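Each number in our numbering corresponds to the 1-based position in the sequence shown with 4 added.
Ideal Cβ positions, reconstructed from N, Cα and C, are used throughout, including at glycine.
Bear in mind that the values here come from a model prediction, so they are computed numbers and not experimental data.
Working notes, beginning with the structure itself.
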Amino acid sequence: MKVKIIDYDHQGRGIAKINNKIVFIPKVKLNEEVSIDIVNSKKNYSLGKRCNPLKVKYCPYYNECGGCQIGHLTYNEQLEFKKNTIKNIFSKYTNYNLENLDILKTKQYNYRNKVTFHIKKDKIGYYEERSNNLISIDKCNLLDSNIINLTASLNSFIKVHKKLTKAIIKSLDGKIMLILEGKEDKESIKEFFSFLVSSLYYNNELISGVPALMIEVLSKKFMVRKDSFFQVNKEGISLIYKEVIDLVKELNSNIIYDLYCGTGTISLLVSDYAKKVIGIEVIEDGVMDAKSNAKLNNITNTEFYLGDVSKVINKLKYVPDTIILDPPRSGISKDLIDFLLSLKVKNIIYISCNPLTLARDINLLDSEYKLKSIKLVDEFPNTYHLESITLLKLRKKAYNN
Ligand SMILES: C[S@@+](CC[C@H](N)C(=O)[O-])C[C@H]1O[C@@H](n2cnc3c(N)ncnc32)[C@H](O)[C@@H]1O
């Protein structure tokens, strides 16, 4: 049947209506009239699939693969989609109307410095959207060129050695870490890959090279161990971190908390502009990296604590004037919201990778904190993902300044 696309949802799927029932259809364009099949019908909505698959220049797997959702839109259309999405989410879930939004661009392809591939016998690739069907990938043009080259080598290795199950590749400043899992013979892995990569792990054991990689961002060096989180687009994170530094410079803070600090990147980058910065992170490798990174950069005014933010924060003895939040997609916990409401810190800088949880959390904090500014960064072109940096300020009734 033929439908007209009347809107997008926040994940970039098209929305159409059939007899007043909403249908979500991936990989279509606004106002397009498109023939679809209904693939799943629920009580309140249906899922549709376009009949004639799209062709995009940069990827032959575009229709099946779940990695990109909006790569068929022009880059300007993608940016408009992202601005409209966050605008709509804020007008629906908060008291704020976002006007004159600006979005910082990054390069559209070859930006990802990390990938996780699944492997089944001699097939390596990504899972099809919302399924367990593995799509073989020879080349993904969102990945940086070092990862693309290593993918070719992995593809030739698994044609002969068919017992690998997973490969994670990190490529930082020209060096590669390869993390493999499976039931393959360790020696054959070592022999094949140790000359191709700087760091080689197999089933959690370092079998060749160095244990961690190094990356330089905004003139500071960061060590990244196997399990530490590091943002996947260097150009994108540099833009985000620059925004955060600019905000911190204006805020004149004594004590800053960097919550969800990962490898301590933000703590170390803002440490020049505060007396003390305290980071909290739940992954042990992250905290170890953060401490090593402070030493590596000769920074002496940072402290890092391991654990769940909402549990550790109660135990700290400092009184922060600025709190930086950079949580995962799920946003911040109710416990932390309650803590922030009672703490009445002067400034909160919230870096978010999910406008829905950002809007929810801003709303929950609204009785004490007012939204002052928001900046958007397109860190993940061709996908619906959107990064934002917001500044929240304590309302005057609670703090006279
Ligand atoms: C979006 S990343 C931000 C990392 C870091 N700020 C950066 O720029 O690289 C979120 C981080 O929060 C950590 N995390 C997730 N849940 C946590 C929790 N409950 N308590 C502390 N850290 C947590 C993750 O391990 C991850 O390192």
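For F161, the uninterrupted alpha helix (DSSP H) segment begins and ends at S149 to V164. Short note on P332: C-beta closer than 7 Å to some heavy atom of ligand 1. Short of 7 Å from the beta carbon of E220, and not among the five residues preceding or following it, lie these beta carbons of its own chain, in chain order: D177.
Take the alpha-carbon of I249 and the one of Y264: they are about 17 Å apart. Counting the other CB atoms within 10 Å of its CB gives D276 a total below 16, which places it among the exposed residues. If you check the C-beta of E220 against ligand 1, you find no heavy atom less than 7 Å away. One thing to note: I123 has its Cβ no nearer than 8 Å to the Cβ of E247. With respect to G70, Y131 sits close: the two C-beta atoms are nearer than 8 Å.
Distance from L273 to L222 at the Cβ level is roughly 6 Å; contact confirmed, criterion being Cβ atoms closer than 8 Å. With a cut-off of 7 Å, the C-beta of Y354 is classified as distant from ligand 1, since no heavy atom of the ligand falls inside that distance. In this structure, V43 sits away from I9, with a CB-CB distance that is not shorter than 8 Å. Between L217 and K179, the beta carbon gap of about 5 Å places them in contact (Cβ cut-off 8 Å). Cβ contact annotation for F94 (same chain, cutoff 6 Å, sequence separation greater than five): Y100, L102 and A363, in chain order. At a threshold of 7 Å, C72 does not count as near ligand 1, since its beta carbon sits no closer than that to any of the ligand's heavy atoms.
Under the three-state reduction of DSSP, S223 is assigned to coil, being neither helix nor strand. With respect to the C-alpha of L105, the residue from N92, Q112 and R116 having the closest C-alpha is N92.
Taking each of L320, V228 and V60 in turn and checking the Cα distance to I173, the smallest one comes out for V228.
Cβ-Cβ distances below 6 Å link D148 to N114, N117 and S175 in the same chain, with the five nearest sequence neighbours on each side left out; the list follows chain order. In this structure, T306 has its CB at a distance of at least 7 Å from all heavy atoms of ligand 1. Straight-line measurement puts the Cα of N137 at about 22 Å from the Cα of G16. Collapsing the DSSP output to three states places D382 in coil.
Under the three-state reduction of DSSP, G290 is assigned to helix. DSSP places R229 in the strand class (E or B) of the three-state scheme. Here T98 has A363, I366, N367, D370 and L375 as same chain residues with Cβ atoms under 8 Å from its own Cβ, once five neighbours each way along the sequence are excluded. Leaving aside the five residues that flank V27 on each side, the residues in its chain whose CB is nearer than 8 Å to its CB run, in chain order, V7, I19, A20, K21, I40, I42, Y49, S50, L51 and G52. The Cβ atoms of I270 and I327 lie no closer than 8 Å to each other. Each residue's CA atom was taken as its position, placing V349 and S356 some 19 Å apart.
Note on A278: 16 or more other CB atoms within 10 angstroms of its CB, so buried under the neighbour-count rule.
DSSP places I244 in the helix class (H, G or I) of the three-state scheme.
Contact between L390 and P359 holds: their C-beta atoms lie close to 6 Å from each other, under 8 Å.
In the same chain as F85, and ignoring 5 residues on each side of it, the C-beta atoms closer than 8 Å to its own belong to Y12, G16, I74, L77 and Y388, in chain order. Closest in alpha carbon position to S257, among I282, I107, L380 and L158, is I282. Secondary structure note for S212: its beta strand (DSSP E) is the uninterrupted segment E209 to G213. Every beta strand (DSSP E) stretch that sits fully inside the stretch 113-152 and reaches 3 residues is listed by chain position as 118-124, 127-131 and 138-140.
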